[in-house]
Amino acid sequence: MTETTSQKPARRRVRIFPEITISPEELAKRKAENEEFYQRCWIIFEHLVAKESYFLKLN
Numbered sequence: 004m005t006e007t008t009s010q011k012p013a014r015r016r017v018r019i020f021p022e023i024t025i026s027p028e029e030l031a032k033r034k035a036e037n038e039e040f041y042q043r044c045w046i047i048f049e050h051l052v053a054k055e056s057y058f059l060k061l062n
């Protein structure tokens, strides 16, 4: 049995709104804000996990 494969041309990714571009400074600022948010959330998550494991030990 032979297989036939169709070769589709690769689709180019095109910006939906090419007139809207974000400067490298803005990208760096957003990345720093996201990292700060992640760090704050991670502390809360670790605290909750520690509490949950404490309550599981009680049962």
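All residue numbers for the sequence shown refer to my numbering, where the first residue is 4 and numbers rise by one.
Just so you know, even glycine gets a beta-carbon here, dropped at the ideal spot from N, CA and C.
DSSP three-state call for residue i: helix, strand or coil?
i, result
"P12", "coil"
"P27", "helix"
"V17", "coil"
"E49", "helix"
"E22", "coil"
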